[in-house]
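Okay, structure first, notes after.
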Amino acid sequence: MTQNRTGASAFCFEHNMDDKTWEREVGGTRYQPAGHPWAALVAFDSVLAAILGDFTHVAVGNERSANYGNNIVHEGLPVNHQYDKSFEFETRAHAYIRKYLVEDLHYFSALQHLWEVQIARTFASRSLESSENFLPVFLSCNEAPDGDKWCCQCAKCAFVFILMSAWCSKAQLLEIFGENLFEKQSIFPEFLSLLDEEGVKPMECVGTACETWLSLYLALQTHGSSAFLKTHKDEIRRKGSELMHLLHDYNSEHLLPPFLEPTLRQPVMTLGA
Numbered sequence: 001m002t003q004n005r006t007g008a009s010a011f012c013f014e015h016n017m018d019d020k021t022w023e024r025e026v027g028g029t030r031y032q033p034a035g036h037p038w039a040a041l042v043a044f045d046s047v048l049a050a051i052l053g054d055f056t057h058v059a060v061g062n063e064r065s066a067n068y069g070n071n072i073v074h075e076g077l078p079v080n081h082q083y084d085k086s087f088e089f090e091t092r093a094h095a096y097i098r099k100y101l102v103e104d105l106h107y108f109s110a111l112q113h114l115w116e117v118q119i120a121r122t123f124a125s126r127s128l129e130s131s132e133n134f135l136p137v138f139l140s141c142n143e144a145p146d147g148d149k150w151c152c153q154c155a156k157c158a159f160v161f162i163l164m165s166a167w168c169s170k171a172q173l174l175e176i177f178g179e180n181l182f183e184k185q186s187i188f189p190e191f192l193s194l195l196d197e198e199g200v201k202p203m204e205c206v207g208t209a210c211e212t213w214l215s216l217y218l219a220l221q222t223h224g225s226s227a228f229l230k231t232h233k234d235e236i237r238r239k240g241s242e243l244m245h246l247l248h249d250y251n252s253e254h255l256l257p258p259f260l261e262p263t264l265r266q267p268v269m270t271l272g273a
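Numbering-wise, the sequence shown is residues 1 to 273 according to this note's numbering.
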């Protein structure tokens with residue numbers, strides 16, 4: 001038992017991962033060797049924490065977008081490198097936990113009903129409205145130098161930049177990323193890979209091509225003069241304008257506890273119309 005940065009008590013679990021052993025198994029990949037099934041590991045660590053702390057629910061933050069794979073079929077099976085964040089995994093883990101571990105523990109994702117684009121909108125709006133601005137301190141880059149800033153080169157940085165560009169000004173994007181990626185030609189191939197609905201989806205925790213098109217469409221008003229958007233503005237307008245429904249789309253496939261669902265639906269109901 002320890003304390004987290006809020007001062008609240010927290011259980012901390014440590015896993016001794018031998019990076020060199022894992023790298024040999026995956027052919028020396030440059031990605032962190034425990035990237036996946038990291039979410040599965042955290043899920044069952046959380047069950048142990050729930051038992052020790054006498055909790056009745058385990059909530060994780062896996063969004064609807066994680067249900068969509070990488071457009072690859074291997075030996076007859078679709079590949080989804082985010083499988084342990086998917087609703088299929090969530091339901092199977094929930095059933096396994098109740099059958100074999102703790103029969104009255106409720107494992108669920110609090111974000112399964114939302115697309116990434118909806119989460120980004122809620123996060124940005126609440127950060128900008130709050131006295132505590134979280135925009136310059138949040139980080140979601142697996143290649144982050146020293147773990148404290150965006151690398152601004154990978155597919156994850158490209159996707160999050162596009163997401164946030166729909167809701168943030170140029171100054172706010174610079175505050176987050178340190179540079180305007182819409183003017184950085186070296187990352188344009190990553191942008192295009194995120195927009196390719198038929199090609200291989202990057203092996204990163206990124207959203208769907210539809211969300212990417214929609215975010216770019218929403219970004220046109222504020223960032224339309226930037227190099228990338230100017231080059232692709234006609235296609236962005238054509239495709240993005242047909243995807244506005246995603247902002248108020250609600251995924252009915254979830255395991256949200258009934259007492260929480262009204263509150264967790266609020267971002268869709270209040271911002272999506």
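Just so it is clear, CB atoms sit at the ideal spot from N, CA and C, and this is done for glycine as well.
* **Complete runs of the beta strand (DSSP E) confined to the region 204 to 240 [at least 3 residues]** => none
* Asked: In terms of alpha-carbon separation, which member of K184, P78, V79, I119 lies closest to C151?
  -> By 1-based counting over the sequence shown, the position of residue 151 is 151. If we check each option's Cα against that of C151, K184 comes out closest.
* Label L256 either buried or exposed according to how many other C-beta atoms from any shown protein chain fall within 10 Å of its C-beta, with 16 as the threshold for buried. => By one-based count along the sequence shown, residue 256 stands at place 256. Looking at its Cβ environment, which holds 16 or more other Cβ atoms inside 10 Å, L256 is buried.
* 8 Å Cβ cutoff met for L220 and K233 -> Taking the first residue of the sequence shown as position 1, residue 220 is located at position 220. Taking the first residue of the sequence shown as position 1, residue 233 is located at position 233. In this structure, K233 lies closer than 8 Å to L220 by Cβ.
* **CB-CB length for L173 against V117, believed under 8 Å** => Here residue 173 is taken as the residue at index 173 of the sequence shown, counted from 1. Here residue 117 is taken as the residue at index 117 of the sequence shown, counted from 1. At roughly 16 Å, the Cβ-Cβ gap does not stay under 8 Å, so L173 and V117 are not in contact.
* Taking the alpha carbon of S46 as the point to measure from, which residue in R98, S86, F13, N80 has its own alpha carbon closest? -> Within the sequence shown, numbered from 1, the residue matching residue 46 stands at position 46. The residue with the shortest Cα to Cα distance from S46 is F13.
* Asked: Among S127, H94, D104, which has the Cα closest to the Cα of F44?
  -> Here residue 44 corresponds to residue number 44 of the sequence shown, with the count starting at 1. With distances taken between Cα atoms, F44 lies closest to H94.
* Asked: What's the C-alpha gap between E283 and N67?
  -> An answer regarding residue 283 cannot be provided, because it is not within the stretch 1 to 273 covered by the chain.
* For K230, which residues from the same chain have a beta carbon less than 6 Å from its beta carbon, with the 5 sequence-adjacent residues on both sides left out? -> As a working note, residue 230 is residue 230 in the sequence shown. Cβ within range, chain order: n/a, list empty.
* **Close Cβ partners of W167 (< 6 Å) along its chain, the five nearest in sequence each way excluded** => Within the sequence shown, the letter at position 167 stands for residue 167. Within the same chain, Cβ atoms closer than 6 Å to the Cβ of W167 are found at R121, A124, the five residues on either side in sequence being excluded.
* To do: Look at the Cβ atom of F228, then the Cβ atom of F191, and state whether they are nearer than 8 Å.
  => Position 228 of the sequence shown, counted from the first residue, corresponds to residue 228. Position 191 of the sequence shown, counted from the first residue, corresponds to residue 191. In this structure, F191 lies closer than 8 Å to F228 by Cβ.
* Asked: Are P202 and L194 closer than 8 Å when you measure CB to CB?
  -> Counting from 1 along the sequence shown, the entry for residue 202 is found at position 202. Counting from 1 along the sequence shown, the entry for residue 194 is found at position 194. For P202 and L194, yes; Cβs fall inside 8 Å.
* To do: Flag this pair as yes or no: are the beta carbons of H113 and H254 separated by less than 8 Å?
  => In the sequence shown, the residue the question calls residue 113 occupies position 113. In the sequence shown, the residue the question calls residue 254 occupies position 254. Cβ distance < 8 Å, so H113 and H254 count as in contact.
* **Cα-Cα separation, A40 to D84** => As a first step, residue 40 must be located in the sequence shown, where it is residue number 40. As a first step, residue 84 must be located in the sequence shown, where it is residue number 84. If I take the Cα positions, the gap works out to 5 Å.
* Run of the beta strand (DSSP E) containing Y107, from where it starts to where it stops -> As a first step, residue 107 is located in the sequence shown; it is residue number 107 there, counting from the start. From DSSP, the beta strand (DSSP E) with Y107 extends over 106 to 109.
* Residues near K239 by beta carbon distance below 7 Å, same chain, minus five either side -> The count along the sequence shown starts at 1 and reaches residue 239 at position 239. Within the same chain, K239 has close Cβ partners W213.
* To do: Could you name each continuous beta strand (DSSP E) segment of 3 residues or more that falls completely within the region 120 to 155, going from the start of the chain to the end?
  => none
* Asked: In three-state terms, what does DSSP make of A49?
  -> Along the sequence shown, read from residue 1 onward, the residue named residue 49 stands at position 49. Looking at A49 - three-state DSSP - the assignment turns out to be helix.
* Asked: In the DSSP assignment, what are the bridge partners of S186?
  -> Locating residue 186 in the sequence shown gives position 186, counting from the first residue. S186 pairs with nothing; no bridge assigned.
* Asked: Three-state secondary structure (DSSP) at H57?
  -> Within the sequence shown, residue 57 is the residue found at index 57, counting from 1. Strand at H57.
* Asked: What residues match up with L77 in a beta bridge as DSSP calls it?
  -> The residue given as residue 77 occupies position 77 in the sequence shown. DSSP output for L77 lists H74 as bridge partner(s).
* To do: Measure the alpha-carbon distance for F134 versus S127 and round it to whole angstroms.
  => Taking the sequence shown and counting its residues from 1, the one referred to as residue 134 is at position 134. Taking the sequence shown and counting its residues from 1, the one referred to as residue 127 is at position 127. Separation of F134 and S127 (C-alpha to C-alpha, rounded to the nearest whole angstrom) is 6 Å.
* Asked: With DSSP run on the structure shown, which of helix, strand or coil describes S9?
  -> By 1-based counting over the sequence shown, the position of residue 9 is 9. Judged by DSSP in its simplified three-state form, S9 adopts strand.
* Asked: Once you ignore the five residues that flank P262 on each side, which residues in its own chain have a CB closer than 7 Å to its CB?
  -> As a first step, residue 262 is located in the sequence shown; it is residue number 262 there, counting from the start. Same-chain partners within the cutoff: there are none.
* Asked: How far does the alpha helix (DSSP H) with R92 in it reach, from first residue to last?
  -> On the sequence shown, position 92 is the one that residue 92 refers to. Its alpha helix (DSSP H) spans residues 87 to 96.
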